[in-house]
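Asker: Here it is, the structure, as C-alpha cells.
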Amino acid sequence: MALAKKIVELGLSLGLSQVGIIRPGAMEGYGDRVRERLAKTPEATFLEKLIGFSRVTEQHPWAKAIVVATMNYTRYKLPPGPPKHFGKSYLVDNRRNPQSPDAIRVKAFTAAMADLGLKVAHDEHPGVTGMRWAAMSAGLGQIRRNNFFYGQNGSFMAITAWLIDRELEFLYETPQKPCAESCRRCLNACPTGSLSAPFTMDMTRCVSFLTTVNDDRVHDPQTRKAFGSWVYGCDACQDACPHDKGQWDRGSEDFPNLSALAKRLSPLAIIRTPYADVANFLAPKFFYLKPDYLWRWKYNALNALENLGQIPEPNDLRPLWSDENDQVRRLAHNLLG
Ligand code: B12
Ligand code: SF4
Ligand code: SF4
Numbered sequence: 005m006a007l008a009k010k011i012v013e014l015g016l017s018l019g020l021s022q023v024g025i026i027r028p029g030a031m032e033g034y035g036d037r038v039r040e041r042l043a044k045t046p047e048a049t050f051l052e053k054l055i056g057f058s059r060v061t062e063q064h065p066w067a068k069a070i071v072v073a074t075m076n077y078t079r080y081k082l083p084p085g086p087p088k089h090f091g092k093s094y095l096v097d098n099r100r101n102p103q104s105p106d107a108i109r110v111k112a113f114t115a116a117m118a119d120l121g122l123k124v125a126h127d128e129h130p131g132v133t134g135m136r137w138a139a140m141s142a143g144l145g146q147i148r149r150n151n152f153f154y155g156q157n158g159s160f161m162a163i164t165a166w167l168i169d170r171e172l173e174f175l176y177e178t179p180q181k182p183c184a185e186s187c188r189r190c191l192n193a194c195p196t197g198s199l200s201a202p203f204t205m206d207m208t209r210c211v212s213f214l215t216t217v218n219d220d221r222v223h224d225p226q227t228r229k230a231f232g233s234w235v236y237g238c239d240a241c242q243d244a245c246p247h248d249k250g251q252w253d254r255g256s257e258d259f260p261n262l263s264a265l266a267k268r269l270s271p272l273a274i275i276r277t278p279y280a281d282v283a284n285f286l287a288p289k290f291f292y293l294k295p296d297y298l299w300r301w302k303y304n305a306l307n308a309l310e311n312l313g314q315i316p317e318p319n320d321l322r323p324l325w326s327d328e329n330d331q332v333r334r335l336a337h338n339l340l341g
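The working numbering numbers the first residue of the sequence shown as 5 and each following residue consecutively.
This is the structure:
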C-alpha cells in the first residue's frame with residue numbers, strides 16, 4: 005500500500021491529472037465489451053485486435069498491475085480556427101512529440117517508477133490496454149453514454165497506462181452525477197449515426213475514423229456531407245455534452261508550435277499546400293494518414309469547404325484539377341458545379 009501510494013503521489017507531483025492502479029484481472033470486463041461491440045458491428049474487424057488488451061498478462065507474463073493516468077488537455081489554449089476542423093486531442097497530441105509537456109511527464113514518470121526498482125512497460129500508441137475501462141476500473145471517473153471516460157474535469161483528456169511487476173492496487177471513488185435520464189445530446193450530435201445508442205458506436209461510420217483511415221474507398225455524397233467541417237477527427241459527441249461544457253475556458257498553457265502551425269490548418273490552406281509540405285508540416289504531427297494517403301488531406305479539406313459553402317476561387321481549384329490523385333481531381337471538378 006505504501007508503494008502504491010508513493011507511485012500515485014509521484015505521478016501527481018509530475019503533473020499527471022489523475023493516477024490509479026488496477027489489477028490486470030480488472031480488464032476482463034473490457035474484453036466482454038469488445039466482443040459485444042464486435043457482435044453489433046461485425047464489419048469493424050479492427051476490434052478483434054483489441055481483445056488482447058483484456059489479457060495483458062498473456063503478452064507480458066511478468067506484469068502484476070496496471071498504472072493508469074489521465075492528462076487533461078483542456079489545460080492548453082487552442083487557436084480559434086483548427087478546433088472546428090481537427091479533433092482537439094490531435095491538436096495537442098503528446099504521441100510522437102517529445103516536446104509536448106505531457107510526453108515529458110510520461111517519460112519522467114516512467115523513469116521515476118524504474119528508479120523505484122520496478123520493471124515498467126509503456127506504449128504510447130495504441131497503448132498497453134483499453135484505457136477507458138482501465139481508468140473507470142481505477143475509480144478515476146465514469147464512462148458516459150457517448151463511450152467517453154469522464155474524470156474530474158470532463159472527457160477531454162488523454163489516458164495512458166504502464167504495466168509494472170508488483171502486485172499493487174490503488175483505487176478511488178470519484179463521485180459524479182450520472183447522465184440525465186432524458187439526455188440524448190451526444191446521440192443527436194453524431195452526424196453519421198455512428199453513435200446510435202448509449203454505450204455503443206460503429207467505428208466504421210465514425211467521422212473520426214473515416215477522416216483518418218488509410219483507405220482508397222471514397223465516401224458516398226451523403227456520408228461526406230455528414231463530415232461537416234471536420235478534416236481530421238471529430239469531437240461532436242463530446243462538444244455536445246453538458247459535462248464538458250466550459251472545460252476549455254480554463255485553457256491557459258501554450259502547446260509547443262501549435263499557434264505557428266494553426267495558419268496551415270484551415271481547409272483553404274491545406275488545399276493550397278504542396279504535397280511535399282503536407283508531408284513535412286502536417287503528416288509528422290497528424291500521423292494517422294501515411295505517405296501513400298496524403299491525398300486524403302486535400303480530399304477532406306475540399307469536402308469541408310464544400311460543406312461549409314466556401315467554394316474556393318478558380319485559382320485555388322485549378323491546380324487540383326490536375327492533382328496526382330483522381331479522387332481529389334473529381335472532387336475539385338465537382339466543386340465547380
Ligand atoms: C480504437 C480507438 C479508436 C477508434 C475506434 C473508437 C472506439 N470507440 O472504439 C477510432 C479511430 C474511431 C477512434 C476515434 C477517437 N478516439 Co480513440 N481510441 C481507440 C483505442 C485505441 C481503443 C478504443 C476501444 O477500446 N474500443 C473498443 C470499444 C468496445 O470501446 P469503446 O467504444 O471505447 O466503448 C467503451 C464503453 O462503451 C464501455 N461500455 C460499454 N458498455 C458499457 C456499459 C456501461 C454501463 C458502462 C459504464 C460502460 C460500457 O466499454 C467500452 C470499452 O471501454 C483507445 C486507446 C486505448 N488503448 O484504449 C483510443 C481512445 C478511446 N480514443 C480517444 C479519443 C480522444 C478519440 C477521438 C475523440 C479522437 C478525435 N478527436 O477524433 C475519437 C472519438 C471516437 C469515439 N466516439 O469513441 C481517447 C478517449 C479519451 C476519453 N476521455 O475517453 C482514447 C482513450 C485514447 C487515449 N489514449 O486517450 N478511436
Ligand atoms: S466522434 Fe463524431 S462521428 Fe464518431 S461517434 Fe462521436 S460524434 Fe459520431
Ligand atoms: S450528452 Fe448527455 S447522454 Fe451523452 S454523455 Fe453527455 S450527459 Fe450523457
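Note that CB positions come from ideal geometry on N, CA and C, so glycine has one too.
(1) Give the straight-line distance between the Cα atoms of Trp252 and Asp119, rounded to the nearest whole angstrom.
(2) Can you grab the Cα-Cα spacing for the pair Glu128 / Leu340, in whole Å?
(3) Out of Leu298, Cys187, Pro316, state which residue places its alpha-carbon closest to the alpha-carbon of Asp330.
(4) Give the single residue among Tyr303, Lys68, Leu324 whose Cα lies nearest to the Cα of Lys229.
(5) Alpha carbons only, please: which of Thr215, Gly19, Pro182, Gly91 is nearest the one belonging to Thr104?
(6) For the candidate residues Asp239, Trp137, Ala336, Ala125, whose alpha-carbon lies nearest to that of Ile168?
(7) What would DSSP say about Ser89, mapped onto helix, strand or coil?
(8) Are Leu309 and Pro271 touching if we call contact CB-CB under 7 Å?
(9) Would the segment 23-33 count as touching the segment 169-182 if we require 3 or more Cβ pairs under 8 Å?
(10) So, with DSSP's three-state summary, where would you put Val12?
(11) Can we say the segment 236-246 touches the segment 150-167, given the rule of at least three CB pairs closer than 8 Å?
(12) Quick one: what's got a C-beta closer than 8 Å to Glu328's C-beta in the same chain, skipping five residues either side?
(13) Compute every distance between the C-beta of Met205 and the non-hydrogen atoms of ligand 2, then say whether any falls below 6 Å.
(14) Kindly say whether Ala336, judged by its beta-carbon, lies nearer than 7 Å to any beta-carbon of chain C.
(15) So the beta strand (DSSP E) Gly24 belongs to, where does it begin and stop?
(16) Whole angstroms is fine: what's the gap from Val102's alpha carbon to Lys289's?
(17) Please tell me whether, using a cut-off of 6 Å, the distance from the CB of Pro130 to the nearest non-hydrogen atom of ligand 5 is below it.
(18) Using a threshold of 7 Å, state whether the C-beta atoms of Phe160 and Tyr94 are closer than that.
(19) Since I believe Ala165 is in contact with Gly143 (beta carbons under 8 Å), could you give me their beta-carbon distance rounded to a whole number of angstroms?
(20) Assess, as a yes-or-no matter, whether the segment 180-192 is touched by the segment 217-231 under the definition of 3 or more beta carbon pairs within less than 8 Å.
(21) Between Leu312 and Ser233, which are expected to be in contact by the criterion C-beta below 8 Å, what is the C-beta distance as a whole number of angstroms?
Answerer: So, from the data block:
(1) Roughly 35 Å separates the two Cα atoms.
(2) Going from the Cα of Glu128 to the Cα of Leu340 covers about 43 Å.
(3) It is Leu298.
(4) Nearest option by C-alpha distance: Tyr303.
(5) Looking at the sequence provided, one finds Ser at residue 104 rather than Thr. Distances from the alpha-carbon of Ser104 to those of Thr215, Gly19, Pro182, Gly91 put Gly19 closest.
(6) If we check each option's Cα against that of Ile168, Ala125 comes out closest.
(7) For clarity, residue 89 is His in the given sequence; the question names Ser instead. In the structure shown, His89 sits in coil (DSSP, three-state: anything other than H, G, I, E or B).
(8) Yes, the Cβ-Cβ distance between Leu309 and Pro271 is below 7 Å.
(9) Enough Cβ pairs lie closer than 8 Å, so yes.
(10) The answer is helix: DSSP assigns Val12 an H, G or I state.
(11) Segments in contact, yes.
(12) Taking C-beta separations shorter than 8 Å and ignoring five residues to either side along the sequence, the partners of Glu328 in its chain run Tyr279, Trp299, following chain order.
(13) Met205 has its Cβ nearer than 6 Å to a heavy atom of ligand 2.
(14) Absent from the structure is chain C; it holds one protein chain and no more.
(15) From DSSP, the beta strand (DSSP E) with Gly24 extends over 22-26.
(16) Going by the sequence as given, residue 102 is Pro instead of Val. Their backbone Cα atoms lie some 11 Å apart in a straight line.
(17) In terms of ligand content, the structure shown lacks ligand 5 and carries ligand 1, ligand 2 and ligand 3 instead.
(18) At a Cβ-Cβ threshold of 7 Å, Phe160 and Tyr94 do not count as neighbours.
(19) About 15 Å; that fails the 8 Å criterion.
(20) Short answer: they don't touch.
(21) Right, their Cβ atoms sit about 6 Å apart.
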